[in-house]
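**Q** Right, I'll just put the structure down here and ask away after.
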Amino acid sequence: MKRTITITLCLLSSLMIQAQNLIDLSHLASYKSGAFDEGAMEIVAYNPTAQVLYAVNGYTDHVDVFDISNPNNISKTDSIDITVYGDGANSVAYKSGYLAIAVEANGFDQNGHIVFFDSTLTFIASLEVGVLPDMVTFSADGMYVLSANEGEPDDDYTADPMGSVSIIDISGGVQNVSQGNVTTLDFTQFDANYDPAIRNFGPVADYLEDLENTADSLDNLIIVTTAGNIGWYYDDYSGNHYAEMNAFSASGPTTTWMITPAMNFTGQDSVYFSFENTRNFNGGSLEVLISTDFDPLTHTDPANANWDTITGHFAFSSGGYADTNSGRFSLENYLTPNVSIAFVYEGAPGAGNSSVWQIDDLMFEGTMPRLSQNLEPEYIALAPDNSKAFVVCQENNAMAVIDLASKSITSLKPLGFKDYSTGNNKMDASNRASSIDIRNWPVFGMYQPDAIKAFEVNGTTYIATANEGDSRDYDFYSEEERVKDLTLDATAFPNAANLQMEDSLGRLNITTSLGDTDGDGDYDELYSYGGRGFSIWDENMNLIWDSEDQFAQTLFSLYPNEFNSNNDDNSSLKSRSDDKASEPEAIEIAVINGFTIAFVGLERMGGIMVYDITDPSNPSFISYFLHRDFSVSADDINAGDLGPEDIKFIPAAQSPNGENLLAIANEVSGTLSLYSIGGTIGLNEEERALSLQAYPNPSNGLVQFSQEIEGGKLYNLNGQMVMNIEGNKADLSALPSGIYQLVSAQGKLQILKK
């Protein structure tokens, strides 16, 4: 028994040492664009045949080409001008001799394109996809190219284009692709039936003209009199203000229009219109009309626009100054831009020819946006068997699943929330407190991943997510608010006064779209942006594992004087604690010597968190590597790598120097950097020749060894010897899945995974 325990402890120790060695990152070189905080290096792709990297340069609107044949000296050799094809590139991917570049259109609501080039940078095709293609990727089998088309609104929310996913069938060869190979999927199938935990939010039509703040005029409404000398005017009675019209003192027959400002209902799920009205006396007429093309500059006579009569849909006062609510009229057929409603009065002087009409409280009420226009696909991960694509909608905190064979969206699932009030779900929540205080708070976090990657372990597909978080913060609409500026429910937050102090929870940014659970105007729950770490999910979006507060604790331990710094300021301790902290943005998965390793890039703090995720339900932290010099200004060209946006793993078999590499595009510093991954595979040629290697590893059966094995013994994790090995191969097919250690008579070690 003692021998078994000893072997087991040695084996576990060996596993740990080998895993540590495999992820000993070393910075090799950086290409420095010199463009600080301009998005000069964003997304990166690798061509192993030419040994070049392609990187999106958002500053120059080019895709730049870099020679890394000498990884210690990255040199720019060429570039592609993207302005020929659209407004700018958002993403680039490479496979088997071809480049695919996601290019957005010049107009925010116009469809973008995926533009193809061969490896000589010769143009092949430009194919139309959805609005704002933000990410493009090839399937591993080379059959498809997919783009996530985000479809963001403009700052004024004049329109919110539909988010979508485009699938380009390249099975007939990239050189033969045409528009007929493109299938663009939208989310309209979910408009009438979706999980309420999916965030469907944003500005809804909510316009009220109660005429109480018009300074004795109707200047919020458009008044046009086309006949007679009297038009709608502002009046009040006992402090109640309204618009009034009568023709008692008119010079003759009168026609006058009162028109609401144009409203934009694009993307709304439903909108209703109502108003208060009062009448006295008889005669004349009042009609209610609606238009989608009225322009006060063009149509000086409003009758020249196109109007539909909707008078019959409303209730009107019976007279005697009886106040009457019109009831709500659905604008379901008018959910478009530029919607105007007009009240058209006709009358004449003389008894029986003119009524008095008073109109008040003109109201447009929306319920919620239309889901299919609200969803914003951000990133795509392909299942290892190429059967499915997983598409994250970041702002909506949701994941869609696409079946590639049928080119259809099969499910749309919410990702749920992280409860910061319990366990190790802790965070530092203030940028004003003098000390770092990583603790539990009565807050829920929305995971809201940016980059995602799918991987497989023992035939099961998992999705790893970098939980950055994001908000909608536009000129016309912003969901962001600080806790100190909210009204908190007294029952839910009996200690509200203390919580709302700036050195407590008061500075934390939360969303106003969630939390008022009973609709009484105060907040019963608080929801912040992002998960402040990374997570692993199964393919049904069940949470398997989350890093909890490990990122915060690691940064506090290693960099207490720079904790939660921003990426554009080297003197910004804790400046991101009140927002989304270190903001895990990028993620890459690699299998190295049988270990599945996750590399997670932190957009704000910078650096790479490294985890062993070989067991997806129990990952282990390995290291944190930061190439950043806090002693110089952030805009100094020698400040290091700031704002990692994308990570690309280059396996040893494809790298220029035979070592595992990471290529990292850094958006803020404008640097493109290469890192070597130390360990057995990273040894020099002489050391590699002496080392014991196994191929393939992991294996489902036959394993080849780089050397002849003499007196080899294979042990399982319990320290039990399960096989004798001689020669240069071994058949593991009869063994259960797991991790094993091979020990040769010469004392050489090798980890095998089945």
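Going by mature numbering (1 follows the signal peptide of the UniProt record, and there is no 0), the letters in the sequence shown line up with residues -19 to -1, 1 to 735, in that order. Virtual Cβ for every residue (Gly too), placed ideally from N, Cα, C. Here the structure is a predicted model, which is why all the values come from computation and not from measurement.
So, are the CB atoms of asparagine 130 and leucine 102 less than 9 angstroms apart?
**A** By 1-based counting over the sequence shown, the position of residue 130 is 149. By 1-based counting over the sequence shown, the position of residue 102 is 121. Cβ atoms of asparagine 130 and leucine 102: not closer than 9 angstroms.
**Q** So the alpha helix (DSSP H) serine 353 belongs to, where does it begin and stop?
**A** Residue 353 sits at position 372 when you count from the first residue of the sequence shown. First-last of the alpha helix (DSSP H) with serine 353: 352 to 355.
**Q** What did DSSP end up calling glutamate 313 once you bin it into helix, strand or coil?
**A** Within the sequence shown, the letter at position 332 stands for residue 313. Reduced to three states, the DSSP call for glutamate 313 is helix.
**Q** Is the beta carbon of proline 632 closer than 9 angstroms to that of serine 50?
**A** One-based indexing of the sequence shown puts residue 50 at position 69. One-based indexing of the sequence shown puts residue 632 at position 651. No; because the gap between Cβ atoms is not below 9 angstroms, this pair is not in contact.
**Q** Take cysteine 374 and list the residues in its own chain whose beta-carbon comes closer than 6 angstroms to its own, dropping the five residues that flank it on each side.
**A** The count along the sequence shown starts at 1 and reaches residue 374 at position 393. Cβ within range, chain order: Leu356, Glu357 and Pro358.
**Q** Kindly indicate which three-state DSSP category proline 283 falls into: helix, strand or coil?
**A** For the purposes of this step, residue 283 is taken as the residue at position 302 of the sequence shown. Looking at proline 283 - three-state DSSP - the assignment turns out to be helix.
**Q** What residue range does the alpha helix (DSSP H) around serine 60 cover?
**A** Translated into the one-based positions of the sequence shown, residue 60 becomes position 79. No alpha helix (DSSP H) contains serine 60, which is instead part of the beta strand (DSSP E) from 56 to 62.
**Q** Three-state secondary structure (DSSP) at glycine 663?
**A** Counting from 1 along the sequence shown, the entry for residue 663 is found at position 682. Model confidence at glycine 663 stands at a pLDDT of 33, short of 50, so the residue's coordinates are unreliable; what they give is reported in the following sentence. Three-state result, glycine 663: helix.
**Q** Are there 16 or more other CB atoms within 10 angstroms of the CB of tyrosine 12, so buried, or fewer, so exposed?
**A** Position 31 of the sequence shown, counting from 1, holds the residue named residue 12. Buried, because 16 or more other Cβ atoms sit within 10 Å of the Cβ of tyrosine 12.
**Q** Output the boundary residues of the alpha helix (DSSP H) element that contains leucine 539.
**A** Residue mapping note: residue 539 aligns to position 558 of the sequence shown, counting from 1. Here the alpha helix (DSSP H) through leucine 539 covers 531 to 539.
**Q** By the three-class DSSP mapping on this structure, what secondary structure does histidine 608 have?
**A** As a working note, residue 608 is residue 627 in the sequence shown. Histidine 608 falls in the coil class under three-state DSSP.
**Q** Please determine if the region 527 to 537 and the region 492 to 501 are in contact, where contact requires at least 3 C-beta pairs separated by less than 8 angstroms.
**A** no
**Q** By the 10 Å Cβ neighbour count, where 16 or more other Cβ atoms means buried, how is tyrosine 79 classified, buried or exposed?
**A** Counting from one through the sequence shown, the residue named residue 79 turns up at place 98. Counting Cβ neighbours within 10 Å, tyrosine 79 comes out buried, since at least 16 surround it.
**Q** Applying the 10 Å Cβ sphere with the 16-neighbour rule, what's the burial state of threonine 169?
**A** The residue given as residue 169 occupies position 188 in the sequence shown. Under a 10 Å Cβ-count criterion, threonine 169 is classified as exposed, with fewer than 16 other Cβ atoms of the shown protein chains found around its own Cβ.
**Q** On a Cα-Cα basis, can you pick out the residue from Ser516, Leu192 and Lys369 that is closest to lysine 388?
**A** As a working note, residue 388 is residue 407 in the sequence shown. It is Lys369 whose Cα lies nearest to the Cα of lysine 388.
**Q** Can you give the Cα-Cα distance for glutamate 85 and phenylalanine 602, rounded to whole angstroms?
**A** Counting from 1 along the sequence shown, the entry for residue 85 is found at position 104. Counting from 1 along the sequence shown, the entry for residue 602 is found at position 621. Just so you know, the alpha carbons of glutamate 85 and phenylalanine 602 end up roughly 38 angstroms apart.
**Q** Within the same chain, show all residues whose beta-carbon is closer than 6 angstroms to that of histidine 8, passing over the 5 residues directly before and after it, in chain order.
**A** Here residue 8 is taken as the residue at index 27 of the sequence shown, counted from 1. So the qualifying residues of the chain are His608 and Tyr656.
**Q** What is the residue span of the beta strand (DSSP E) that leucine 385 lies within?
**A** Translated into the one-based positions of the sequence shown, residue 385 becomes position 404. Element bounds for leucine 385: n/a, residue is neither H nor E.
**Q** Would you say the region 226 to 245 touches the region 293 to 308, given that touching needs at least three Cβ pairs under 8 angstroms?
**A** no
**Q** So, alanine 445 versus alanine 435, is the Cβ gap smaller than 9 angstroms?
**A** Along the sequence shown, one-based indexing puts residue 445 at 464. Along the sequence shown, one-based indexing puts residue 435 at 454. Yes, they are a contact pair.
**Q** If you draw a straight line from the C-alpha of glycine 264 to the C-alpha of tyrosine 326, how long is it?
**A** Counted from its first residue, the sequence shown places residue 264 at position 283. Counted from its first residue, the sequence shown places residue 326 at position 345. One C-alpha to the other measures close to 11 angstroms.
**Q** Could you tell me the alpha carbon to alpha carbon distance between serine 219 and glycine 293, rounded to whole angstroms?
**A** Taking the first residue of the sequence shown as 1, we reach residue 219 at position 238. Taking the first residue of the sequence shown as 1, we reach residue 293 at position 312. Approximately 31 angstroms between the Cα atoms of the pair.
**Q** Cβ atoms of asparagine 245 and leucine 352: under 9 angstroms apart, would you say?
**A** In the sequence shown, counting from the first residue as 1, residue 352 sits at position 371. In the sequence shown, counting from the first residue as 1, residue 245 sits at position 264. Not a contact, by the Cβ cut-off of 9 angstroms.
**Q** What does a CB cutoff of less than 6 angstroms around threonine 118 pick up in its chain, not counting 5 residues either side in sequence?
**A** On the sequence shown, position 137 is the one that residue 118 refers to. Excluding sequence neighbours, threonine 118 sits near Ala74, Leu127 and Ile361.
**Q** Does the structure place the region 589 to 596 close enough to the region 563 to 577 that three or more beta carbon pairs sit under 8 angstroms?
**A** Between the region 563 to 577 and the region 589 to 596, the count of C-beta pairs closer than 8 angstroms reaches three or more; the two stretches touch.
**Q** Under the rule that 16 or more other beta-carbon atoms within 10 Å means buried, what is glutamate 626, buried or exposed?
**A** Here the question's residue 626 lines up with position 645 in the sequence shown. Using a 10 angstroms sphere on the CB of glutamate 626, the tally of other CB atoms reaches 16 or more, which defines it as buried.
**Q** In whole angstroms, what is the alpha-carbon distance linking asparagine 548 and proline 430?
**A** Position 567 of the sequence shown, counted from the start, is the residue given in the question as residue 548. Position 449 of the sequence shown, counted from the start, is the residue given in the question as residue 430. Cα-Cα distance, rounded: 19 angstroms.
**Q** So arginine 513 and phenylalanine 544 are in contact, right, with Cβ under 8 angstroms, and what is the actual spacing, rounded?
**A** Stepping through the sequence shown from its first residue, residue 513 is reached at position 532. Stepping through the sequence shown from its first residue, residue 544 is reached at position 563. The beta-carbon distance between arginine 513 and phenylalanine 544, rounded to whole angstroms, is 13 angstroms. This is too long to meet the 8 angstroms contact definition.
**Q** Express the C-alpha separation of isoleucine 179 and arginine 557 in angstroms, rounding to a whole number.
**A** As a working mapping, residue 557 is identified with position 576 in the sequence shown. As a working mapping, residue 179 is identified with position 198 in the sequence shown. Each residue's alpha carbon lies about 26 angstroms from the other.
**Q** Taking only the alpha-carbon atoms, compute the straight-line gap between glutamate 666 and alanine 10 and give it to the nearest angstrom.
**A** Mapped onto the sequence shown, residue 666 falls at position 685. Mapped onto the sequence shown, residue 10 falls at position 29. Residue placement at glutamate 666 is poorly supported in this model, since its pLDDT is 30, which falls under 50; the coordinates are not used for a value here.
**Q** Going by DSSP, name the residue or residues bridged to methionine 116.
**A** Position 135 of the sequence shown, counted from the start, is the residue given in the question as residue 116. Paired residue(s): Ala129.
**Q** Along the chain, where does the alpha helix (DSSP H) containing alanine 447 start, and where does it finish?
**A** Taking the sequence shown and counting its residues from 1, one reaches residue 447 at position 466. Note, alanine 447: premise wrong, no alpha helix (DSSP H); beta strand (DSSP E) at 441 to 447.
**Q** Using DSSP bridges, identify the partner residues of isoleucine 149.
**A** As a position in the sequence shown, residue 149 is number 168, starting the count at 1. Bridge partners of isoleucine 149: Val126 and Val163.
**Q** Quick check: arginine 309 and glutamate 257, are their CB atoms within less than 9 angstroms of each other?
**A** Translated into the one-based positions of the sequence shown, residue 309 becomes position 328. Translated into the one-based positions of the sequence shown, residue 257 becomes position 276. Result no, Cβ atoms of arginine 309 and glutamate 257 do not sit closer than 9 angstroms.
**Q** Is it the case that the Cβ atoms of tyrosine 510 and aspartate 451 are separated by a distance below 9 angstroms?
**A** The residue you call residue 510 lines up with position 529 of the sequence shown. The residue you call residue 451 lines up with position 470 of the sequence shown. It is a contact, given that the beta carbons lie within the stated cut-off.
**Q** Going by DSSP, which residues form a beta bridge with isoleucine 603?
**A** Against the sequence shown, residue 603 aligns to sequence position 622. Per DSSP, none; premise fails for isoleucine 603.
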